[in-house]
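S.K.: In the working numbering, the protein residues as written are 2 to 188.
In this text, a Cβ means the ideal position worked out from N, Cα and C, and glycines have one as well.
Because the structure is a prediction, the values reported are computed rather than measured.
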Amino acid sequence: TPLLPYRTSSLTRASTALLAGAFISAVKGCVFTLTDAGTTPLLCGDGGSFGQAVALNEDKPQLAVGSPEQDKVELYEPGDGGLVLKHTLSLPSGTLGGGGFGAALAYGDVTAAPGKELRVGSADGVFIFNEAPQLVMSLQLDARVDLNGFEGPPVAITVEPIALGNWPVRHFWLGFPSKDLVFRCIG
2 TPLLPYRTSS LTRASTALLA GAFISAVKGC VFTLTDAGTT PLLCGDGGSF
52 GQAVALNEDK PQLAVGSPEQ DKVELYEPGD GGLVLKHTLS LPSGTLGGGG
102 FGAALAYGDV TAAPGKELRV GSADGVFIFN EAPQLVMSLQ LDARVDLNGF
152 EGPPVAITVE PIALGNWPVR HFWLGFPSKD LVFRCIG
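1. How should G52 be labelled, buried or exposed, when 16 other C-beta atoms within 10 angstroms of its C-beta is the threshold for buried?
2. Spell out the partners DSSP gives K73 in its beta bridges.
3. Hey, S68 and S94: beta-carbon distance below 8 Å or not?
4. At what residues does the beta strand (DSSP E) containing N58 begin and finish?
5. By the DSSP assignment, the beta strand (DSSP E) with T96 in it spans what residues?
6. Determine the closest residue to S91 out of Y108, G109 and A65, with distance taken between C-alpha atoms.
7. Starting from the N-terminal side, write out each stretch of the beta strand (DSSP E) that is 3 residues or longer and does not extend beyond the stretch 19-50.
8. Let me make sure I understand the geometry here. Which of L19, L57, K73 and A23 has the alpha-carbon closest to that of D37?
9. Is L84 closer than 8 Å to L136 when the C-beta atoms are compared?
10. Starting from V111, follow the beta strand (DSSP E) in both directions and report where the run begins and ends.
11. What are the boundary residues of the beta strand (DSSP E) that F130 is part of?
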């Protein structure tokens, strides 16, 4: 697989390729398609954090692209001539305002509702959106939780592959690798 000549910030697997978010400059980030045949720019956006996190829902299909410096996530779907911006998500009102919304993204079946939900990481916690996309749940970090002085959003989110018992929410994990911290969130 070819290498990107840029700092890669995130990877997600598509059925026939990898999608990689990359830092191009302080004012531009891009998402690339990586295949055995080569590297192709798929999307580019304003702000160096565009593409810091990418996630793909192949069932819908929908591509989520995080821009945590702008506290937003853009949702793209196939359209005439390529991908079309369908929705822009921002840090929900009433949150602590810690920023970094969109620093980590993952699709997966988290709730009992049908379809895959999008989990969006921020310094405040994790926000879960259904396919509409509507906010269906937020798991905010408690200010009393000792993060060993760490401030900032998680950089990785993943869902456990099997729900245990009749829990309404599957378990998922948040990763803070710069501080060697991992949290298991139990629904």
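M.R.: With the given structure in hand:
1. buried
2. S68 and S91
3. no
4. A54 to N58
5. Here T96 belongs to no beta strand (DSSP E), and DSSP marks it neither H nor E.
6. A65
7. 19-26, 29-36 and 39-47
8. L19
9. no
10. No beta strand (DSSP E) contains V111, which DSSP labels as neither H nor E.
11. G126 to F130
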